[in-house]
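What follows is a set of notes on a single structure, which appears directly below.
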């Protein structure tokens, strides 16, 4: 195959554009640093020409033309009233007095302080002799982060005075003991603080859910005010992510509208959640969203390793307006995470958090007692009429009486192998500080989790193979102010993971899942853990053989060996920022370069064991019982120790640079951005003769954005991405992905004024755009054909001199298709933002996506085409995905000491296959078109057969080789394309049943409240329109005596319980294929509502102590195991209920 030619075109293009672009950007950056000029903004005259604008719009216009900040109390100043201003070349003071006519205007430093005229104020001169200095800090009530620029005013003082908090939230003020401070900050609830005799104040403000001035992190880490957004973007407070879990993604479900998430395992190191943005829109391409950390793409594992303490902003970009600039990477939505930065502080602020928590498994399926098992097995053998050996009454009675444990074993394998709880720890340390030249933020996090295994290997060997998971994370962000207009920064993220745990195979594979399987495969009575080993230098593990099949001993599986896996991930990001106001005001330049390296090494040890079957007993000369044992694994010997290792790793580079422009011209606000990026990925570990694996993966792209709004009333935005991917043939490597959106702030119109006291904000948004997905096919260069030389004669070439000519020749396993390209998503969105009574926010979005050009193997190829086993692939399928998502936020400072907040989200996403290349002759019900993705194809069950007459009067089942009998499952015959019934149950009678196993509905809600120093919050999370298929639990197959789950014993069909709706059909000692089919009989509704998190805390000065519980209870119609685990038998590593206690202490946070 010729890979080189097609790769070189793209590589040359990448190198040429990269070199030229970087050289130009470097020259521009150096020139800007050398010749930048900073305007003396405070001396610059102010010009305002506003007609019927709000006060807050006029204030923003002045602040944009100067370096002054306005400070006022929302309770005293009506900033929503309409004014008209026409001033030219005025001072800041004149402009302020014009805007705030009738109010007191005081300029102190760079603050313009606005207060209402004296009402019941206190004469400052009279009180001056009683004043003393107080110092304080204003912080976020949840995260403890400083609120830079918070307003601190003395209530009703004459003349008015106050200050704004500095970059670390600190302030100093002269006050008297009787004074009351009014503390406010955009996006937070104002608070009044009595001075009394206090000299040091620590003021915590709660977030105002109704705030519209919040700046949201959008594509490429750009900020945009919530009030002017036209795209669909969901944000999450960092405090909501601080739950007692080792993986960040487990906090997503129900907290982010538009995000569907669920957790399938509670195993340490593997207990992250799967999540999708607005559901699933493809059946063959990648479905996970793009994850961006500080501007750089990272993996889901990197996301899960993040400590919530380092997160400053978290956004989910859901529609095309928000994600189109990412082009071929943005089809499945984008997660944007921005980490914290440093601050100019007198003393560094230090935070220490320590947590200890206990995990307990949730709802582990129970197995039956030994006696019940034996009686049920005997019943199954009798029903089937086979020659399998029955358990004798002597065996049953001996087990019941607890006689000789070698002759009458009674082993609770789950109890022998697993603990009922585990204790784990988590610790965090971070420091934030800096000067006016350099700022820094550093965070160190450590997590220690242990697994449920009892580590029984210590009882027999010299190692402990229980799961022991250590996770360390280090984040260090440093920013250098090179000048007043230039800044350079370095972000370093380091993750170290060390996982010690069991293996169950001599090649280092297997794990806890295989141990759960071994428990299900074995019962309690066939053999003990060990037999007496006599003089042998090895253990005699218990064992048995059913027919010719040897049965695993769960203890041997659980203690066979262990692995030590060490992972390291380093993400380093160098960024540069330059203001270019000397060219034109509002112009700037930013560049970013990152390097990421991931490595994993695994070492493992494994040893086998000698299993024995007990053949009988005899008595020696001294009257002792001798147990006659036969080796199950051939000639026994001292087990040999096998060792092995493995390595994996990759590295990637990323570069981006862009110019941005942001400026206002009166009521006209415009912004623009033009960006270039490129990336390269390399696999560090390449197998032998892996040519394709040795090639780097390269991408490049351009992106642009233009926004315009008039007086924050009429909003328009255009975005575009132009991306290249070398995964496709020449001519199909580049694509253009535009989007357009518009918004209307109806509540800013004059006619809305009478309604503003009720509906204080009303905005309508709509968007349309294209996005792409180049992660298709599961391999690189999927368009290329695969040809191999067939060394075995097999080509019939006809007769030649009376003999058959059979020749060697090339084999085409995949035909080349140069037209293969990325998937295209056409996304539509309509949204509305509402605010009621200045306290309740409601956002609702309706969305639709048509995903076309989905990659699939062609099915409709007739045999006459002559391709035989040759595969043909192309962009043939199309899927429609639609739904709604919504969020509600409520916040209110009910009294001086009590605040209340409520948050809720709802997401519904459903898909449908519109086009699919189908095999000819399929029944309509078996076709992909019209079906939902991730649903089950199965039979419709109509209960159980009642008697022979019922069997005779219903369609004949052809499923399997067993004779149908009363108590077996009865299925419904489905019509063919002509509406006819064939009177047989065959594979053609399957239809789409139930809901998908990926939930269509996810929701969450819960309040949080604070009274003085006590806070309380709880959060409910649920899912609906989701099904699970039970499987892998049938107890008595051919050559099997599997454990029986208790729910089967509680209600199965028998002669004494001829209930045709019993939970389990009749017992058989055979693979009863008729009863094991995927059908509605085993389909269950997996909907649930659970109390996901409950937390109570107490704060005293700089210390907060708290306790929390996760997964406290679950409400669901499915009771056998936690429905979030999904289908199967429930015998997998269970989800955990967590009881957590923690303390956080902050130093120098005054």
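Residue numbers (mature numbering (1 follows the signal peptide of the UniProt record, and there is no 0)): -41 to -1, 1 to 1109. Positions of the beta carbon are idealized from the N, C-alpha and C atoms, including for glycine.
Whose C-alpha, out of the options, is nearest the C-alpha of residue i?
{"i": "residue 314", "options": "14, 165, 677, 1101", "result": "1101"}
{"i": "residue 679", "options": "279, 378, 446", "result": "279"}
{"i": "residue 109", "options": "140, 694, 341", "result": "140"}
{"i": "residue 192", "options": "1004, 513, 806, 364", "result": "806"}
{"i": "residue 226", "options": "63, 1070, 408", "result": "408"}
{"i": "residue 354", "options": "484, 287, 57, 381", "result": "484"}
{"i": "residue 424", "options": "557, 538, 962, 518", "result": "518"}
{"i": "residue 629", "options": "921, 545, 21", "result": "545"}
{"i": "residue 719", "options": "726, 727, 708", "result": "708"}
{"i": "residue 298", "options": "329, 402, 326", "result": "402"}
{"i": "residue 14", "options": "26, 44, 814", "result": "44"}
{"i": "residue 511", "options": "1010, 46, 478", "result": "478"}
{"i": "residue 592", "options": "216, 572, 903, 1058", "result": "572"}
{"i": "residue 797", "options": "656, 676, 848", "result": "848"}
Who pairs with residue i in a beta bridge, going by DSSP?
{"i": "residue 49", "result": "5"}
{"i": "residue 1136", "result": "As shown, the chain starts at -41 and ends at 1109. That puts residue 1136 outside it, with no answer to give."}
{"i": "residue 578", "result": "584"}
{"i": "residue 97", "result": "162"}
{"i": "residue 662", "result": "634, 680"}
{"i": "residue 727", "result": "699, 787"}
{"i": "residue 895", "result": "952"}
{"i": "residue 461", "result": "521"}
{"i": "residue 941", "result": "DSSP, once it has assigned bridges, lists no residue as partnering residue 941."}
{"i": "residue 438", "result": "398, 448"}
{"i": "residue 309", "result": "390, 1106"}
{"i": "residue 293", "result": "249, 276"}
Just checking my contact of residue i with residue j at CB under 8 Å: how many whole Å lie between their CB atoms?
{"i": "residue 52", "j": "residue 66", "result": "6 Å"}
{"i": "residue 947", "j": "residue 890", "result": "Not quite, the Cβ-Cβ distance comes to about 16 Å (not below 8 Å), so this is no contact."}
{"i": "residue 878", "j": "residue 819", "result": "6 Å"}
{"i": "residue 977", "j": "residue 1052", "result": "7 Å"}
{"i": "residue 803", "j": "residue 817", "result": "Wrong, their Cβ atoms sit about 41 Å apart, outside the cutoff."}
{"i": "residue 858", "j": "residue 165", "result": "5 Å"}
{"i": "residue 559", "j": "residue 608", "result": "6 Å"}
At which residues does the alpha helix (DSSP H) containing residue i begin and terminate?
{"i": "residue 513", "result": "513 to 517"}
{"i": "residue 354", "result": "352 to 360"}
{"i": "residue 1009", "result": "1005 to 1009"}
{"i": "residue 373", "result": "372 to 376"}
{"i": "residue 653", "result": "650 to 653"}
{"i": "residue 334", "result": "329 to 343"}
{"i": "residue 479", "result": "471 to 480"}
Could you please give the first and the last residue of the uninterrupted beta strand (DSSP E) stretch that includes residue i?
{"i": "residue 900", "result": "900 to 903"}
{"i": "residue 69", "result": "That residue, residue 69, is in no beta strand (DSSP E); it is neither H nor E in DSSP."}
{"i": "residue 1045", "result": "First-last for residue 1045: undefined, no H or E at that position."}
{"i": "residue 392", "result": "381 to 393"}
{"i": "residue 606", "result": "600 to 624"}
{"i": "residue 22", "result": "Note, residue 22: premise wrong, no beta strand (DSSP E); alpha helix (DSSP H) at 14 to 23."}
{"i": "residue 817", "result": "Neither: residue 817 is in no beta strand (DSSP E) and is coded neither H nor E."}
Is residue i close to chain B? Criterion is C-beta to C-beta, closer than 7 Å.
{"i": "residue 215", "result": "No chain B appears in this structure, which consists of one protein chain only."}
message: Whether or not the region 678 to 691 and the region 303 to 321 are in contact is what I'm after, with contact meaning three or more pairs of Cβ atoms, one per stretch, closer than 8 Å; do they touch?
response: no
| Does the pairing of the region 564 to 572 with the region 619 to 639 give three or more beta-carbon distances under 8 Å? | no
Legend entry - At least 3 beta-carbon pairs within less than 8 Å: the region 434 to 445 vs the region 193 to 209: no
Does the region 289 to 309 come close enough to the region 1093 to 1107 that 3 or more CB-CB pairs lie under 8 Å? yes
Given 8 Å, three or more beta-carbon pairs between the region 381 to 395 and the region 493 to 505 = Short answer: they don't touch.
Segment contact, 8 Å Cβ cut-off, at least three pairs: the region 268 to 286 with the region 366 to 377 = no
| query | Using 8 Å as the threshold, is the region 951 to 969 in touch with the region 212 to 226, meaning 3 or more CB pairs across them? | reply | yes
Determine contact between the region 127 to 137 and the region 1084 to 1093, defined as no fewer than three beta-carbon pairs at a distance below 8 Å. no
Three-pair Cβ contact test at 8 Å for the region 541 to 556 versus the region 453 to 472
no
Do the region 489 to 499 and the region 576 to 589 make contact, defined as three or more Cβ pairs closer than 8 Å? yes
Review point. For the region 988 to 1007 against the region 854 to 872, are there 3 or more C-beta pairs whose distance is under 8 Å?
Key: no
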